[in-house]
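Numbering of the sequence shown is given in the working numbering, commencing with residue 9 and proceeding in unit increments.
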Amino acid sequence: MSRPTLVPGWVVLVLAVVALVVSTAALTVTLVGRPPTVTPVTMMGGAAPGMMPGGAGGMMGGTGQGSTTEPGAPGFVPGTVASPRVIRVIAGPGYAFSPSTIAVARGETVTFLVTTMGPTVHEFMVGPADAVAADQAGTPEVADIGMMATKSLTYTFEGPGPYAFACHVDDHYEAGMRGAITLVE
Ligand SMILES: [Cu+2]
């Protein structure tokens, strides 16, 4: 009884090894075939930060000016109340905004799309620098922006400036969670 069982056992083992080799080979082929697939994924990841100008342009397709150039640059189209220029801002991770300096044309209307990266909840306040620094009531802001959430705030820079933006959650501001707005004539 044991012999007949033993022999098929070896056969099964050999078959198992063969199957393993074949499947490994198949897996290797799959993996070898993967790089072209993996590369775009890597590119997407790498493009995420750089996506801001292009992404903003895409977002603006229907309602915005689609300008991806900076104020003062040739071809720049300032945002208007009817068609604000979209600027994407990343809050966090950590206590920082990216970008930390934003150039706007004097008088233009901008829609900030603020996305929180990381588990910490942030807010985005924009306005006259002194009001922003003091967390003055009535200063335009969007609050409670949770992880991967995006909130928008539209603001018209019609005053003399200087302008700034900040997050006043807990001690984020003191930790450096603030940014400057550069007014371009
Ligand atoms: Cu914050």
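Built from N, CA and C at the ideal position, the CB exists for glycine as well.
Burial state of residue i (16 or more Cβ within 10 Å)
i, result
"Met6", "Residue 6 lies beyond the range of the chain shown here (9 to 193); nothing can be said about it."
"Gly87", "buried"
"Thr50", "At Thr50 the pLDDT is 35, less than 50, meaning the model places this residue with poor confidence and gives no usable figure here."
"Gly100", "buried"
"Ala113", "buried"
"Met60", "The predicted position of Met60 is uncertain, since its pLDDT is 41 and thus under 50; no value can be drawn from it."
"Thr36", "Per-residue confidence for Thr36 stands at a pLDDT of 38, beneath the threshold of 50, marking its modelled position as unreliable; no derived number is given."
"Arg168", "The displayed chain sequence assigns Pro, not Arg, to residue 168. The residue in question, Pro168, is exposed, as its Cβ has fewer than 16 Cβ neighbours within 10 Å."
"Thr117", "buried"
Bridge partner(s) assigned by DSSP for residue i
i, result
"Thr119", "Val94, Thr162"
"Met133", "Glu149, Ala174"
"Ala111", "Thr190"
"Thr128", "Answer is none; Thr128 lacks a bridge partner."
"Phe105", "Ala99"
For this session: Closer than 7 Å is what we want: which residues have a beta carbon that near any heavy atom of ligand 1? List them in chain order.
Result: Ala99, Gly100, Tyr103, Thr128, His130, Glu131, Cys175, Val177, His180, Met185
Exercise. With a cut-off of 8 Å, do at least 3 Cβ pairs link the stretch 181-192 to the stretch 163-173?
Worked result: Counting C-beta pairs with one atom in each stretch, the stretch 181-192 and the stretch 163-173 have three or more that are closer than 8 Å, which means they touch.
Exercise. Counting Cβ pairs closer than 8 Å, one from the stretch 143-157 and one from the stretch 79-95, do we hit at least three?
Worked result: no
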